[in-house]
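Line by line, the protein sequences are chains D and E.
Under this note's numbering, the first residue of the first sequence is numbered 866, with each subsequent residue one higher.
Under this note's numbering, the first residue of the second sequence is numbered 880, with each subsequent residue one higher.
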Amino acid sequence: MLSAEDLKQRIEASIPGAQAEVEDYTGGGDHFRATVTAEAFAGRSRIEQHRLVYEIFGEEIGGPIHALSLKTQTPQKTPTP
Amino acid sequence: MPTSEPSAIRDLPMSASQPSTVGEAPVQSGEPNPIREAITQAISEHKVILFMKGTPEAPACGFSARTVAALQALDVPFAAVDILPDPRIRQELSAISNWPTIPQLFANGELVGGCDIVTEMYESGELSEALQ
Chain D
866 MLSAEDLKQR
876 IEASIPGAQA
886 EVEDYTGGGD
896 HFRATVTAEA
906 FAGRSRIEQH
916 RLVYEIFGEE
926 IGGPIHALSL
936 KTQTPQKTPT
946 P
Chain E
880 MPTSEPSAIR
890 DLPMSASQPS
900 TVGEAPVQSG
910 EPNPIREAIT
920 QAISEHKVIL
930 FMKGTPEAPA
940 CGFSARTVAA
950 LQALDVPFAA
960 VDILPDPRIR
970 QELSAISNWP
980 TIPQLFANGE
990 LVGGCDIVTE
1000 MYESGELSEA
1010 LQ
């Protein structure tokens, strides 16, 4: 069984500079919701951004990970004064 | 008013009358692959097509249900394929689309996204434009 923390660590280890918030929303260790913030997403379409995250888990998605709901974003830039 | 067009299901060589084919080893690449061809053809023949678990009338998964709801809210006609009757449909679909999860929405031959992206695009107003 996987934990939200496992997923968070793997996402952050695989995507340079990524920050992930992962929730096990059923508590069953197989349905997760993740918000991933990474500069690496800049210039990529949503599909490409989600693929970057899905690729970390490969065959585990559809296997031990029944669902991984994703929200991906780039870091908020603080406007320069 | 019906917003779905389930005829795409007919195009795929899946049938409850052939349960013996379920669970066979995947077809080797290079050999004829009728399921993959049928999926590719369905994607090219339907302007908007959703591969889902269950049917628009009876979705078998919350993510599929949410995606159907977004399409119905926009009153967009769409074809729907239930991937559950034969595991090879999902296998081949994911190989074609390089996308691991279900549902998968295609418009004009291109993958629009899964439930998360479709929902996000619906909420931001981008979805109806993407389905033009």
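We treat Cβ as the ideally placed atom computed from N, Cα and C, and that holds for glycine.
Residue i, buried or exposed, once every other Cβ within 10 Å from all chains shown has been counted against 16
| i | result |
| --- | --- |
| aspartate 995(E) | buried |
| proline 940(D) | exposed |
| serine 943(E) | buried |
| threonine 998(E) | buried |
Interface flag, residue i vs chain E, CB-CB below 8 Å
| i | result |
| --- | --- |
| proline 940(D) | no |
| serine 934(D) | yes |
| arginine 916(D) | yes |
| arginine 909(D) | no |
| isoleucine 912(D) | yes |
Beta-carbon spacing of residue i, residue j below 8 Å
| i | j | result |
| --- | --- | --- |
| valine 927(E) | valine 955(E) | yes |
| arginine 911(D) | glycine 1004(E) | no |
| isoleucine 876(E) | arginine 915(E) | Because residue 876(E) is not part of the residues shown, which for chain E are 880 to 1011, the question remains open. |
| methionine 931(E) | alanine 958(E) | no |
Candidates the options, of which the one nearest residue i by Cα
| i | options | result |
| --- | --- | --- |
| arginine 875(D) | Ala932(D), Pro940(D), Tyr919(D) and Gln938(D) | Tyr919(D) |
| leucine 929(E) | Glu1002(E), Pro966(E), Thr980(E) and Gly1004(E) | Thr980(E) |
| glycine 893(D) | Thr900(D), Glu924(D), Glu904(D) and Ile930(D) | Ile930(D) |
| glutamate 870(D) | Asp895(D), Pro881(D) and Gly882(D) | Asp895(D) |
| alanine 952(E) | Pro964(E), Ile962(E), Pro935(E) and Ala939(E) | Pro935(E) |
| serine 868(D) | Ala907(D), Ala899(D), Gly908(D) and Ser879(D) | Ala899(D) |
| asparagine 977(E) | Glu924(D), Glu904(D) and Ala878(D) | Glu924(D) |
| proline 982(E) | Glu924(E), Leu950(E) and Ala1009(E) | Leu950(E) |
| proline 913(E) | Ser973(E), Ser1007(E), Ile968(E) and Leu1006(E) | Ile968(E) |
| glutamate 904(D) | Leu933(D), Glu877(D) and Ser934(D) | Glu877(D) |
| glutamine 1011(E) | Ala986(E), Thr919(E), Glu1002(E) and Tyr1001(E) | Ala986(E) |
is_contact[residue i, chain D] using C-beta, thresh 8 Å
| i | result |
| --- | --- |
| aspartate 965(E) | no |
| aspartate 995(E) | yes |
| leucine 1006(E) | no |
| phenylalanine 930(E) | no |
Amino acids of chain D, ordered along the chain, whose beta-carbon sits closer than 7 Å to that of residue i
| i | result |
| --- | --- |
| proline 979(E) | Tyr919, Ile926 and Gly927 |
Distance cut-off 7 Å: residue i Cβ against heavy atoms of the ligand HEM
| i | result |
| --- | --- |
| cysteine 994(E) | The ligand HEM is not among the ligands present in this structure, which contains no ligands whatsoever. |
Chain D contact residues for residue i, given Cβ-Cβ distances below 8 Å
| i | result |
| --- | --- |
| leucine 990(E) | Ile912 |
| phenylalanine 942(E) | Ala932 and Ser934 |
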